[in-house]
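Some notes on the structure that comes next.
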Amino acid sequence: MQVIIMHSRLTQAKSVTLSSTHLLVFLAVFLLLALLASFSLIGLFSRFADTESAWVKNILPQAMLVSSAGSLGGNDRYVKENLAAMAVKIGEMQAQLIRLDALGERVQGLAGVKPEEFNFKELPGRGGAEVLTDLPKSDLNLQDFQASLDSLSKELNYRSDYLNVVESKLMSFKLQAKLLPTIVPVNVGYNASTFGRRLDPFSGRTAFHEGLDFSAPTGTPIVAAAGGVVVSAEYHPEFGNMLEIDHGGDMLTRYAHASKLLAKVGDIVKRGQHIANIGSTGRSTGAHLHFEVRIKGVPQNPHKFLNAGSNGGDVSKLAATAP
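Numbering (full-length UniProt numbering), first residue to last: 1 to 323.
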């Protein structure tokens, strides 16, 4: 290529011959200058990216803003902070689940449910046919996920409070059951005299018998039908050597005609503890135990308590339903 240069200051025209090599060099220099100018503009705009000015957002494409160092760092911080908060929340929920598992096992034991019937450490079985719907699918964003975690955490708190109340009730029933006279005080197969009207063995007249009589040899151990506090341990003209145990709730048991008392007033006795020996002291025709159950001073039929204990009935309602 030949280029002719003409100017008023020049006395004659000049010509310059450009080869293909000259053209390639010129094109390379032009491209290099264009790249340098582009990088300069990118560096200039990236300095203002952290300021999040409106005119910067309008001028720069969104992809350029995200790729800038300042904007990327802000997004990273936002994501990391939210992930850290959610990790803490998930850790708290895991701790709550562990407590709920332990609480569930305690409630399960108090309720008498077998572990294999209700295992808290295994997920419940689920299944069924897949039913497709026409509802539009939507992606779960960060705010929705955080709201779901908060809602689940509240539900766990509600469940924990509910199970605590259930555990307290079951514990109360269990303690109450331990304080009810539901075990036979003497290891014998039958009682010699039942509760209610009978002929008095001394006078022969009809009289009301306020307890049960268990015949057994002298010295046979007598055990406490329930736990409680000994409130009387003395000799009575009619009951002979007599022991009385207060079980709370205005309930008292009486053990009479003993040959020997092994507990004294103020002792706290356990259910099934050896408290006396059978004898024939007081108004008695032979060695036996006279056993009474009283609620607010009114004699109750001991059979309903002893039968409930032997049959595994609901002993928590016995005191409430007593006449």
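The beta carbon of each residue, even a glycine, is placed where N, CA and C say it ideally should be.
Annotation for N241: the continuous beta strand (DSSP E) segment containing it runs G240 to G248. Counting every other CB atom within 10 Å of its CB across the protein chains shown gives T253 a total of 16 or more, marking it as buried. In this structure, the straight-line span from the alpha carbon of P221 to that of K260 is close to 10 Å. When the five nearest sequence neighbours on each side are left out, the beta carbons in the same chain lying within less than 6 Å of the beta carbon of V229 are those of D246 and I268, in order along the chain. Within the model, the alpha-carbon separation for H257 versus G248 is close to 24 Å. Ranked by Cα distance from H274, the options K264, T281 and S148 are led by K264. For N157, the CB contacts under 8 Å within the same chain, skipping 5 residues up- and downstream, are Q96 in chain order. Between the C-alpha atoms of A226 and F305 there is a straight-line separation of about 11 Å.
Of the candidates E167, S151 and S148, E167 places its Cα closest to the Cα of E105.
Check the Cα spacing between L163 and each of A102, G189, G219 and Q146: the tightest is with A102.
DSSP, read as helix, strand or coil, puts A258 in strand. Between A216 and L289 the beta-carbon gap is near 7 Å, inside 8 Å, which marks them as a contact. Comparing alpha carbon positions, the residue from A147, L32, M86 and G279 closest to F214 is G279.
Taking C-beta atoms as the reference points, H209 and G282 fail to come closer than 8 Å.
G91 carries a helical assignment under DSSP once its states are collapsed to helix, strand and coil.
Here Q300 carries a strand assignment [DSSP, helix/strand/coil]. By a beta-carbon distance limit of 8 Å, A207 contacts D200. Their separation comes to about 4 Å. F195 places its beta carbon less than 8 Å from that of H303. The distance from the Cβ of P185 to that of V223 is about 6 Å, consistent with a contact at the 8 Å cut-off. Per DSSP, the beta bridge partners of P221 are N277. As computed with DSSP, D213 is found in a beta bridge with S193 and H290. DSSP, read as helix, strand or coil, puts R198 in strand. Taking 8 Å as the cut-off, the Cβ atoms of L152 and M86 do not count as close. With a contact defined as Cβ atoms closer than 8 Å, F291 and L212 qualify at about 5 Å. The Cβ atoms of A287 and T182 lie no closer than 8 Å to each other. In terms of CA proximity to E155, M93 leads the group D144, I295 and M93. Remark: C-beta atoms of N75 and L142 do not approach each other more closely than 8 Å.
Annotation: the continuous beta strand (DSSP E) that includes V230 extends over G228 to H236.
When C-alpha distances from M251 are compared across K296, A233 and L36, the shortest belongs to K296. Shown here for V188: same chain residues with a beta carbon closer than 6 Å to its own, the five before and five after excluded, namely F214 and A216 in chain order.
The beta carbon of E238 lies closer than 7 Å to those of G282 and R283 in the same chain, with the five residues before and after it left out. DSSP lists G248 and I295 as the beta-bridge partner residues of M251.
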